[in-house]
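Read left to right, the sequence shown gives residues 0 to 539 (numbering that gives the first Met the number 0). Heads up, the beta-carbon is just placed ideally off N, CA and C, and yes, glycines get one too. Read the structure below first, then the notes.
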Amino acid sequence: MNVLVLIAGAGPVGLSLALDLAWRGIPSLLVEPLKEVHPHPRAISIGVRTMEHFRRLGLDQKVIDAGVPRSRALDVIYVTRMLGREVFRFPIPSIDELARDSAALAAQTPEIGASPYYKTWTAQSPLERMLRAEVARSPKIETRYGWRLDSFVESEQGVTATLVELATGRREEIAAQYLIGSDGANSAVRAGLGTRMSGRGTLGEAVGLYFKAPALGAHLGVRPGVMYWVLAPGCGGVIYTIDGRDEWVFNRYFAPGEAASTEEPVTLIQRAIGEPLDIELLSAQKWLPRQLVADRYQSARCFLAGDACHLFVPTGGFGMNTGIGDAVDLAWKISARLEGWGGARLLASYETERRPIGLFNTREAADNYDKSGTIFAVPDALEEDGGAGDTARSSVAALLPPKIKHFAPIGVHLGSAYENSSLIVDDGTPAVAFDPVRYTPSARPGQRAPHAWLAPGKSVLDLFGRGFTLLRFGGADGDGLIAAAREVEVPLNVADITDDAVARLYERRLVLVRPDGHVAWRGDSAPAQGRTIIDHVRGA
Ligand SMILES: Cc1cc2nc3c(=O)[nH]c(=O)nc-3n(C[C@H](O)[C@H](O)[C@H](O)COP(=O)(O)OP(=O)(O)OC[C@H]3O[C@@H](n4cnc5c(N)ncnc54)[C@H](O)[C@@H]3O)c2cc1C
Numbered sequence: 000m001n002v003l004v005l006i007a008g009a010g011p012v013g014l015s016l017a018l019d020l021a022w023r024g025i026p027s028l029l030v031e032p033l034k035e036v037h038p039h040p041r042a043i044s045i046g047v048r049t050m051e052h053f054r055r056l057g058l059d060q061k062v063i064d065a066g067v068p069r070s071r072a073l074d075v076i077y078v079t080r081m082l083g084r085e086v087f088r089f090p091i092p093s094i095d096e097l098a099r100d101s102a103a104l105a106a107q108t109p110e111i112g113a114s115p116y117y118k119t120w121t122a123q124s125p126l127e128r129m130l131r132a133e134v135a136r137s138p139k140i141e142t143r144y145g146w147r148l149d150s151f152v153e154s155e156q157g158v159t160a161t162l163v164e165l166a167t168g169r170r171e172e173i174a175a176q177y178l179i180g181s182d183g184a185n186s187a188v189r190a191g192l193g194t195r196m197s198g199r200g201t202l203g204e205a206v207g208l209y210f211k212a213p214a215l216g217a218h219l220g221v222r223p224g225v226m227y228w229v230l231a232p233g234c235g236g237v238i239y240t241i242d243g244r245d246e247w248v249f250n251r252y253f254a255p256g257e258a259a260s261t262e263e264p265v266t267l268i269q270r271a272i273g274e275p276l277d278i279e280l281l282s283a284q285k286w287l288p289r290q291l292v293a294d295r296y297q298s299a300r301c302f303l304a305g306d307a308c309h310l311f312v313p314t315g316g317f318g319m320n321t322g323i324g325d326a327v328d329l330a331w332k333i334s335a336r337l338e339g340w341g342g343a344r345l346l347a348s349y350e351t352e353r354r355p356i357g358l359f360n361t362r363e364a365a366d367n368y369d370k371s372g373t374i375f376a377v378p379d380a381l382e383e384d385g386g387a388g389d390t391a392r393s394s395v396a397a398l399l400p401p402k403i404k405h406f407a408p409i410g411v412h413l414g415s416a417y418e419n420s421s422l423i424v425d426d427g428t429p430a431v432a433f434d435p436v437r438y439t440p441s442a443r444p445g446q447r448a449p450h451a452w453l454a455p456g457k458s459v460l461d462l463f464g465r466g467f468t469l470l471r472f473g474g475a476d477g478d479g480l481i482a483a484a485r486e487v488e489v490p491l492n493v494a495d496i497t498d499d500a501v502a503r504l505y506e507r508r509l510v511l512v513r514p515d516g517h518v519a520w521r522g523d524s525a526p527a528q529g530r531t532i533i534d535h536v537r538g539a
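Here it is, written out as structure tokens:
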């Protein structure tokens with residue numbers, strides 16, 4: 000069998016990649032051992048940039064609907080025990096509050112206006128079920144659930160892969176132009192490429208207990224949160240809601256040197272809640288907080304994406320989000336090559352653009368983890384009544400405000416940029432300063448083209464994606480670029496924008512935006528040699 004693109008692994012990254020390729024008209028074959036989505040929820044926090052990608056695919060509202068009810072506040076609360084005392088709270092608006100009060104909320108927190116989204120609370124398992132349903136509807140995607148990629152051989156012309164059906168042992172050879180390994184932490188594609196992972200390695204130990212507690216919600220007060228950090232000694236960890244109703248996960252972290260608990264899971268959950276409520280354990284999964292990044296992300300025709308090339312500590316919620324960013328970068332570049340307008344250097348830029356992001360984000364997550372460890376070393380009086388207890392809780396609360404970078408790391412999500420990429424034309428302006436919780440909107444080449452509303456419900460982001468987009472402000476003359484793009488059949492959509500505020504945000508009268516929504520070039524007039532720019536940004 001011959002296919003253009005073979006994708007090994009239908010986790011959130013492989014599913015998103017197949018859908019993005021399909022959106023661009025490129026067919027793929029998706030191979031996945033699991034016939035059904037793994038029920039253990041794992042990821043929960045969908046970053047703003049990921050939501051913007053899902054918006055382009057028309058899936059943003061479906062992602063929200065697969066999560067907690069829109070009315071649920073997304074507060075993160077530090078507690079002695081879940082039904083004990085509240086120590087500190089990060090108030091984070093619900094989807095409904097954001098829709099209703101966006102102007103007032105943005106006046107307090109400017110990052111709230113930086114994207115059509117702020118925080119989305121959807122667990123990985125319902126997200127994957129929704130994505131699988133979309134894949135099933137797509138005429139461009141063929142699936143082999145219950146199959147795995149066994150091995151592959153790469154040549155100059157393409158890749159020949161051997162698939163194995165798990166139930167029968169049946170083997171089949173597939174010839175593909177490109178192979179993507181989105182096959183997770185134990186990636187067969189990474190092993191086949193002989194690529195090592197480097198970094199700090201395994202940083203601790205944790206167990207995730209997925210449980211149902213129908214009576215818990217009624218005890219949580221008038222504004223329940225979605226995530227509770229439990230500080231009491233012996234049950235340090237985090238409990239978060241999966242469905243906004245009965246289902247929760249307790250991730251119990253073990254500090255370095257603390258023996259992994261052999262305590263019976265239901266008793267452990269009850270101790271962290273602080274009441275002997277009825278608990279039904281749905282699944283338990285050990286997992287390792289890690290900081291590892293693949294030394295190489297690709298060969299000429301094989302690419303790694305997601306957990307196959309970067310392993311995170313979940314503190315910050317970056318693993319899946321970074322992987323979906325990989326998928327978006329790959330999707331437009333592979334499409335461009337298959338359609339013939341992507342240059343010979345285009346695919347090599349996958350690693351040079353995405354690996355620095357993998358390195359940066361895994362370090363940011365590990366930094367959050369290092370700083371979390373100290374929080375669990377609480378004073379003895381933490382749970383006491385009276386003055387000593389109050390003092391202990393206040394001393395812990397005083398340490399917590401910087402932790403906002405775990406829960407609203409908008410600078411990490413929106414500030415991921417490709418300023419040093421060989422595909423970007425530097426305009427000589429200073430680099431944008433990085434801050435994990437602050438986002439400075441900038442249309443400097445390499446940056447994500449900033450969001451602004453053009454009309455109710457219509458973002459400037461909605462102009463991007465199908466080929467390149469040339470934003471024209473004040474009737475600037477972009478003909479040199481338009482003609483050059485036509486000459487080499489680069490799809491280029493031209494959008495005239497008359498809104499002064501958007502013009503100020505973009506700072507130049509012509510801005511060329513890539514299919515992934517990053518600025519490739521900007522200037523006040525099209526250069527005489529428009530072809531030089533077009534060739535540069537398409538990797539020719
Ligand atoms: C407790 C916890 C909380 C987390 N929270 C967040 C969060 O809030 N936000 C966030 O962004 N990330 C979070 N993460 C990380 C997130 O779960 C992972 O980064 C994400 O699952 C990676 O997706 P993936 O598609 O790359 O890999 P996976 O989800 O691991 O999927 C890989 C797929 O490949 C398949 N496969 C394996 N071998 C083969 C083969 N030989 N052939 C074909 N297929 C194969 C597997 O069956 C699997 O379905 C969390 C992780 C944990 C453990």
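Going by DSSP in three states, residue i sits in which element: helix, strand or coil?
i       : result
Arg-147 : strand
Ser-93  : coil
Tyr-296 : coil
Phe-249 : strand
Ile-481 : helix
Leu-509 : strand
Gly-466 : strand
Lys-118 : coil
Trp-331 : helix
Ala-7   : strand
Ile-423 : coil
His-218 : helix
Asp-495 : strand
Arg-99  : helix
Arg-199 : strand
Thr-321 : helix
Phe-472 : strand
Trp-22  : helix
Phe-311 : coil
His-37  : coil
Gly-207 : strand
Kindly list the residues whose CB is nearer than 6 Å to the CB of residue i, restricted to its own chain and excluding five residues on each side of it in sequence; keep chain order.
i       : result
Asn-250 : Ala-205, Gly-207, Gly-236, Val-237
Val-163 : Arg-147, Asp-149, Arg-170
Arg-195 : Asp-294
His-450 : Ser-114, Ser-458, Leu-460
Is there a Cβ of chain D sitting closer than 8 Å to that of residue i, yes or no?
i       : result
Ala-451 : The structure shown contains no chain D; it is built from a single protein chain.
Per the DSSP calculation, residue i is bridged to which residue(s)?
i       : result
Thr-159 : Val-152, Ala-174
Phe-359 : Its beta-bridge partners do not exist; DSSP assigns none.
Val-78  : Glu-85, Val-229
Phe-302 : Ile-179, Gln-297
Ala-442 : In DSSP, Ala-442 forms no bridge with anything.
So, for residue i: in the same chain, excluding its five sequence neighbours on each side, which residues have a beta-carbon less than 8 Å away from its beta-carbon?
i       : result
Gly-522 : Asp-426, Arg-507, Arg-508, Leu-509
Would you mind working out which of the options sits nearest residue i, comparing C-alpha positions?
i       : options                            : result
Gly-322 : Lys-404, Gly-10, Val-2, Val-4      : Gly-10
Ala-500 : Pro-514, Pro-92, Pro-440, Leu-462  : Pro-440
Asn-1   : Ile-533, Thr-468, His-218, Tyr-177 : Tyr-177
Val-377 : Tyr-505, Trp-228, Gly-341, Val-134 : Trp-228
Arg-447 : Arg-128, Glu-352, Thr-266          : Glu-352
Ser-186 : Arg-128, Thr-531, Leu-97, Ile-6    : Ile-6
Leu-58  : Ala-380, Glu-133, Ile-533, Ala-482 : Glu-133
Glu-382 : Val-78, Tyr-144, Thr-49, Leu-470   : Val-78
Ala-135 : Leu-29, Met-319, Val-225           : Leu-29
Leu-20  : Gly-466, His-535, Glu-486          : Gly-466
Arg-99  : Gly-83, Phe-87, Tyr-116            : Tyr-116
Gln-60  : Tyr-296, Phe-463, Met-129, Ser-371 : Met-129
Leu-267 : Gly-220, Tyr-505, Phe-210, Arg-244 : Phe-210
Gly-168 : Pro-32, Leu-358, Ala-454           : Pro-32
Lys-402 : Thr-108, Val-431, Arg-88           : Arg-88
Arg-131 : Gly-538, Leu-14, Phe-472           : Leu-14
If you drop the 5 nearest sequence neighbours on each side, which residues of the same chain put their C-beta closer than 7 Å to that of residue i?
i       : result
Trp-22  : Leu-56
Tyr-368 : Leu-202, Pro-288, Val-312, Thr-314
Pro-355 : none
Tyr-438 : Glu-110, Ala-113, Ile-409, Gly-410, Leu-413, Gly-414
Ser-298 : Glu-153, Leu-192
Thr-428 : Arg-443
Asp-515 : Val-327, Asp-328, Trp-331
Arg-41  : Gln-123
Thr-119 : Ile-45, Met-50, Val-62, Ile-63, Gly-66
Pro-264 : Leu-208, Leu-280, Ala-283
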